[in-house]
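In the working numbering, the protein residues as written are 31 to 721.
Beta carbons are placed, not taken as given, at the ideal position from N, Cα and C, and that holds for glycine.
This structure is a prediction, so every number in the text was calculated from the model and none was measured.
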């Protein structure tokens, strides 16, 4: 792999030297690469993103300026640097050490070392690129007789080239990256190898009445995973093509937009997604007082999946697979704007959803109007009304099996599944090879909140942070024909430039079955009812007192719909105080709390709480941040509490950058009868130099 990488970098450099570099008025951005460092063994709140670099480049031929943005997540700091002249080659070498004692799943301690080497060439020109290598080694002691070792190497390169072919400006983008890791835990050795190869091209072209944007790309992904003496391999080929064509006719009164999209995947999971959309807008009336616009929107989407690799036994046990999904939607209507105070919209809609064993047809009419007016006491009054009348016809099987729905599990945040009315007991999660079966209650948990179903990594999981997984589940399909109508009214007032903003929203939904006869309420899924929201917001800046910023809000929602009735209470507040006696010193506090209580067993009650106190000191060369935070979440039978204290320092001296970060955290995680308590310490040090 190293030889391939060196060959690729050498070829790119020789190619660039062989071309005459001419600076044009418009230069294209260099290749962006986000560099992450995180524990392969998940560590809950102690897992971290060590450094992220996001580079943005723009070039102006008149003054020759390139701009870069540097961002360090832990300190929430942004620093702008201006480079007045382009350089052919820029290099950066860094070394980091991370020490951890305690963790979110093992009472361990250990040391991680990290070496990084990054480079850029021809920045700010039509032929630019970058490359990186990284070497990580860590050793953790879990018990006196239990050692965990990890030896990982990552490398990658990218090259971007701008050319004009027969009058068409085309940008080509090449990317290659690979990662290899050997892991050892007690008697079990594991090895995984991943590789990505990407080619992308995009173009923009303008004529008198047309403007074209088009991009296309293809990515080859390979994965090899060995654990416990057994090997698993997975490959996929992903491609995409996206395009849009804008048009202006009849003195710009008639405007059109055509959208085309194609996404496909083969190997791991056979998948094809095609989209086509057409928008047409025509200005019927346009003057200084008002505008009247007619619009037409047409969208078609088709998804096909191939399950030929699924054996008959699995298909018989699981049920009917969704191999096709077709969506067609037409909207036609008018929009009216009177000055800056009154806006209205009226539209008719026809929408048809066709699955392999299910179909839904919706016809309806929708409208809304909004009114705003400036009032005394530096205030503004706003109101709105919206309505819908729909006729929905649904037919087919009462159950479908969704196989291979891709989701990315990051941190310990819940991810919603695509369809509603999921049968919780049917949810299964696999790795991308489709062979490694993750276990509920050990690797992940699944729960329902209202109509949506969520999956989430839990402490001690073998699912890597940020890993893409496949989810299989059964979904109940609502059947029968229904007629529904809904009305929404909203009112709000803002006084004293936002110092006080009370508001209220009322919503009511009426539904009734219209056939066929014989279906039960469980099959029809009628959900009539009402809900109201009442709240107040307040925000202001005390300019006479060092620009202190304050913001707070409280909101109450009562929902009485039949299927998922609930009460929700949300409270948020924040305060930011720049201290005048020390320039660059700022103190901030924040508090957020959300609680939902369901009146039926169809949903899991949950409470989310987050409190933080931070102190930030920033100068041109140095940033210092300290703080304490408390986070708690209670969802169903799962309770998680984390109290953490952190300190961070970042210092820059000419071409050197030094980062130091320390965090002490106390965590309690309870899932059913399983309880975990930890006291962890995390210290990381990183130093880098630019050449």
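For residue 553, the three-state secondary structure derived from DSSP is helix.
Boundaries of the beta strand (DSSP E) around residue 475: 474-479. Judged by DSSP in its simplified three-state form, residue 454 adopts helix.
In the three-state scheme derived from DSSP, where H, G and I count as helix and E and B as strand, residue 721 is classed as coil.
The beta carbon of residue 679 sits closer than 6 Å to those of 654 and 690, all from its chain and outside the five residues before and after it, given in chain order. One alpha carbon belongs to residue 119, the other to residue 162, and they sit about 13 Å apart. When rounded, the separation of the alpha-carbon atoms in residue 321 and residue 431 is 48 Å. CA-CA distance, residue 404 to residue 410, rounds to 4 Å.
For residue 295, the closest of 503, 287, 305 and 270 by C-alpha to C-alpha distance is 270. Residue state for residue 583 is assigned as strand, using DSSP reduced to three classes. Residue 578 sits away from residue 566, with the two beta carbons spaced by 8 Å or more. Closest in C-alpha terms to residue 428, from the list 386, 465 and 445, comes 386. Nearest to residue 522 by alpha-carbon distance, out of 621, 301 and 412, is 412. With a minimum length of 3 residues, the unbroken runs of beta strand (DSSP E) contained wholly in the region 649-709 fall at 652-665, 668-683 and 686-701.
From the listed residues 200, 220, 676 and 189, the smallest Cα separation to residue 206 is found for 189.
Taken through DSSP and simplified to helix, strand or coil, residue 496 comes out as coil.
Taking a cut-off of 8 Å for Cβ pairs, the region 489-501 and the region 438-453 touch, as three or more such pairs fall below it. Rounded to the nearest whole angstrom, the CA to CA distance from residue 407 to residue 562 is 28 Å.
Here residue 591 carries a coil assignment [DSSP, helix/strand/coil]. A residue is called buried when at least 16 other Cβ atoms come within 10 angstroms of its Cβ; residue 369 does not meet this threshold and is exposed. Sorting 706, 624 and 319 by C-alpha distance to the C-alpha of residue 371 places 319 at the top. Look at residue 321 here: in three-state DSSP terms it is strand.
Around the C-beta of residue 630, fewer than 16 other C-beta atoms lie within 10 Å, and the residue is accordingly described as exposed.
Spatial neighbours of residue 477 in its own chain (CB-CB distance under 7 Å, excluding positions within 5 residues in sequence) are listed in chain order as 484, 634, 665 and 666.
In this structure, residue 435 and residue 481 do not form a Cβ contact; the two beta carbons are roughly 17 Å apart against a cut-off of 8 Å. At a Cβ-Cβ threshold of 8 Å, residue 507 and residue 441 do not count as neighbours.
Residue environment: residue 283 is assigned as exposed (fewer than 16 neighbouring CB atoms within 10 Å of its CB, all protein chains considered). When C-alpha distances from residue 267 are compared across 227, 541, 233 and 274, the shortest belongs to 227.
In the three-state reduction of the DSSP assignment, residue 466 falls in the coil class. Taking each of 392, 466, 705 and 153 in turn and checking the Cα distance to residue 260, the smallest one comes out for 466. The straight-line gap separating the alpha-carbon atoms of residue 166 and residue 264 is approximately 24 Å. In the structure shown, the three-state DSSP call for residue 574 is coil.
Collapsing the DSSP output to three states places residue 532 in a strand.
Taking 8 Å as the cut-off, the beta carbon of residue 606 is found closer than this to the beta carbon of residue 618.
The C-alpha of residue 496 is placed about 18 Å away from the C-alpha of residue 469. Residue 357 has 331 and 383 as its beta-bridge partners, per DSSP.
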